[in-house]
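To convert, note that position 72 of the sequence shown is 73 in the numbering used here; the numbers rise steadily by one, no gaps.
A short worksheet on the structure shown next.
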Amino acid sequence: MPELIPRPDLLAARRVLAVQPHPDDNEIGAGATLARLADLGAQIRYVTVTDGRMGTADPNTPPDELAARRDIEADRAHEPRVELGFVGALLNPDPKEGQGPPPPPLGDRYWYPLYEALCELDVPALVHSAGCRPPARESYSLHFILEETVAVASLLASDVARDFPTLKLVVSHGGGAIPYQVGRFLAGATRSGRDFRDQLRTLHFDTCLYTRDAIELLVRAVGADRCCFGSEKPGTGSVRNPATGRWYDDIKVLVEEIEWLGDDQRAQNFERNAAALFKLEAPAPAPADGAR
2 MPELIPRPDL LAARRVLAVQ PHPDDNEIGA GATLARLADL GAQIRYVTVT
52 DGRMGTADPN TPPDELAARR DIEADRAHEP RVELGFVGAL LNPDPKEGQG
102 PPPPPLGDRY WYPLYEALCE LDVPALVHSA GCRPPARESY SLHFILEETV
152 AVASLLASDV ARDFPTLKLV VSHGGGAIPY QVGRFLAGAT RSGRDFRDQL
202 RTLHFDTCLY TRDAIELLVR AVGADRCCFG SEKPGTGSVR NPATGRWYDD
252 IKVLVEEIEW LGDDQRAQNF ERNAAALFKL EAPAPAPADG AR
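Laid out in structure tokens, this is it:
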């Protein structure tokens, strides 16, 4: 069926109105596109529908305080002379979000200019899809897992780690399916003279998983030093478990309940690994019992 209205050439736009329900929605969902339009000389205006006062799961942060903080952030974003402290980037492996043929997987040289920039800036990237819409055959939640699975498999089968030894990638949602299917890849890697477990450890993974068993398996597969605490609360798992009364996405409690994790390993997960990756200040380790 022919289109009733021809699809416009987005990059030919000279005036753009970007409407976002919440502060930072535009940057998360369309930041690269807006930056490209700005480079092409487009005049861009933002409309933010809400003040962001409900954008936290922390009950100790007053809504008015959070709204004021978002106002300050918005004001600073308009001041190019202000150093905002860029510490990382979001890498969406499927910018078309299921609506068209995806770009090559992350192990392809198509992505090398981005990796070069990340290494030059010495900042990590979080591999995380941004959405999924028809005609994609998978659901929204499944799309994230599938894209992360393809991303990890592609990266480990490529020369990316060799060509960019300082590249830092964090794969969300525990790395998709790969860390839990290690056995399927061990033989193939061995035949080619590689150790698949060592390859996994060239990446980092967040612990945004919703069961203790899954988090335990991830830590066993890649090591506590490659795991960063991750949570989407509020998000997909923000429902109470009827059997326990706890939130499915209360990830911190799940990590704390892993009996065999030592205090040092928990500290790695909760703060130290991310602090090192993103060059943040991590709290000093707690003194040993009896120490002054």
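Every residue gets a Cβ at the ideal spot worked out from N, C-alpha and C, and that includes glycine.
Worksheet item: Got a sec, what are the start and stop residues for the beta strand (DSSP E) F206 sits in?
Response: Sequence index remark: in the sequence shown, residue 206 carries index 205 (1-based). Note, F206: beta strand (DSSP E), 205–207.
Item to complete: State the Cα-Cα distance for the pair S239 and P103, rounded to the nearest angstrom.
Response: Taking the first residue of the sequence shown as 1, we reach residue 239 at position 238. Taking the first residue of the sequence shown as 1, we reach residue 103 at position 102. Cα to Cα, S239 sits roughly 30 Å from P103.
Worksheet entry | Helix, strand or coil at R241 [DSSP, three-state] | Stepping through the sequence shown from its first residue, residue 241 is reached at position 240. Strand at R241.
Worksheet item: Cα separation between L168 and D40?
Response: Taking the first residue of the sequence shown as 1, we reach residue 168 at position 167. Taking the first residue of the sequence shown as 1, we reach residue 40 at position 39. Their Cα atoms are separated by approximately 26 Å.
Discussion item. What would DSSP say about A13, mapped onto helix, strand or coil?
Written reply: On the sequence shown, residue 13 is found 12 positions in, with the first residue counted as 1. Helix, per DSSP.
Practice prompt. Could you say which of R202, S193, P180, A188 lies nearest to L210 if we only look at CA atoms?
Written response: Here residue 210 refers to the residue found at position 209 when the sequence shown is read from its first residue. If we check each option's Cα against that of L210, P180 comes out closest.
Discussion item. Once the 5 residues before and after H144 are set aside, which same chain residues still bring their CB inside 7 Å of it?
Written reply: The residue you call residue 144 lines up with position 143 of the sequence shown. Excluding positions up to five away in sequence, the list reads G99, S130, C133, A137.
Discussion item. My output table needs one value for T34: the three-state DSSP class, helix, strand or coil.
Written reply: Mapped onto the sequence shown, residue 34 falls at position 33. Three-state result, T34: helix.
Worksheet entry | Close beta carbons around E139, own chain, < 7 Å, minus the five adjacent residues each side | Taking the first residue of the sequence shown as position 1, residue 139 is located at position 138. Taken in chain order, the residues that qualify are C133, L147.
Practice prompt. Give the DSSP-derived three-state secondary structure of Q21 in the structure shown.
Written response: Position 20 of the sequence shown, counted from the start, is the residue given in the question as residue 21. Three-state DSSP puts Q21 in a strand.
Worksheet item: Would the beta-carbon of C228 fall within 8 Å of that of T212?
Response: Indexing the sequence shown from 1 puts residue 228 at position 227. Indexing the sequence shown from 1 puts residue 212 at position 211. Not closer than 8 Å, so no.
Item to complete: With a cut-off of 8 Å on the beta carbons, I'd call V223 and L255 a contact; round off their distance for me.
Response: For the purposes of this step, residue 223 is taken as the residue at position 222 of the sequence shown. For the purposes of this step, residue 255 is taken as the residue at position 254 of the sequence shown. Actually they are not in contact, since the Cβ atoms of V223 and L255 sit about 17 Å apart, beyond 8 Å.
Worksheet entry | Closest residue to Y249 among P22, G236, E257 (Cα-Cα distance) | Here residue 249 refers to the residue found at position 248 of the sequence shown. Minimum Cα distance to Y249 is reached at G236.
Worksheet item: Considering only residues of the same chain and omitting the five flanking positions on each side of D226, which have a CB-CB separation below 7 Å?
Response: Counted from its first residue, the sequence shown places residue 226 at position 225. Excluding residues within five positions, the ones whose Cβ falls inside 7 Å are Q269, N274.
Worksheet entry | For I252, the nearest candidate out of S232, L187, I73 (CA to CA) | By one-based count along the sequence shown, residue 252 stands at place 251. I252 has its Cα closest to that of S232, out of S232, L187, I73.
Discussion item. My output table needs one value for L187: the three-state DSSP class, helix, strand or coil.
Written reply: Along the sequence shown, read from residue 1 onward, the residue named residue 187 stands at position 186. Of the three classes helix, strand and coil, the one that applies to L187 here is helix, per DSSP.
Fill in: DSSP-derived helix/strand/coil call for V88
For this step, residue 88 is matched to residue 87 along the sequence shown. Coil.
Worksheet item: Which whole-angstrom value is the C-beta distance of L278 and P105, which I expect to be below 8 Å?
Response: Within the sequence shown, the letter at position 277 stands for residue 278. Within the sequence shown, the letter at position 104 stands for residue 105. Contact flag wrong, Cβ pair sits at about 25 Å.
Worksheet item: Taking the continuous beta strand (DSSP E) assigned at V48, which residues delimit it?
Response: Indexing the sequence shown from 1 puts residue 48 at position 47. Element bounds for V48: 44–49.
Worksheet entry | Assigned exposure category for F186 - 16 Cβ within 10 Å defines buried | If you number the sequence shown from 1, residue 186 lands on position 185. So F186 counts as buried.
Worksheet item: Under a Cβ-count criterion, where at least 16 other Cβ atoms within 10 Å of its own Cβ denotes burial, should G184 be classed as buried or exposed?
Response: On the sequence shown, residue 184 is found 183 positions in, with the first residue counted as 1. Burial call: exposed.
Fill in: Residues that C228 bridges to, as DSSP identifies them
Here residue 228 refers to the residue found at position 227 of the sequence shown. Looking at the DSSP assignment, C228 forms a beta bridge with F206.
Worksheet item: Taking just the CA atoms, how far does R15 sit from L218?
Response: The residue you call residue 218 lines up with position 217 of the sequence shown. The residue you call residue 15 lines up with position 14 of the sequence shown. Distance between the alpha carbons of L218 and R15: 50 Å.
Worksheet item: What is the DSSP secondary structure of V171, counted as helix, strand or coil?
Response: On the sequence shown, residue 171 is found 170 positions in, with the first residue counted as 1. Looking at V171 - three-state DSSP - the assignment turns out to be strand.
Fill in: Sequence-distant residues of the same chain with beta carbon closer than 6 Å to F230, five excluded per side
The residue given as residue 230 occupies position 229 in the sequence shown. Counting only Cβ-Cβ distances below 6 Å, and skipping sequence neighbours, we find T208, N270, F271.
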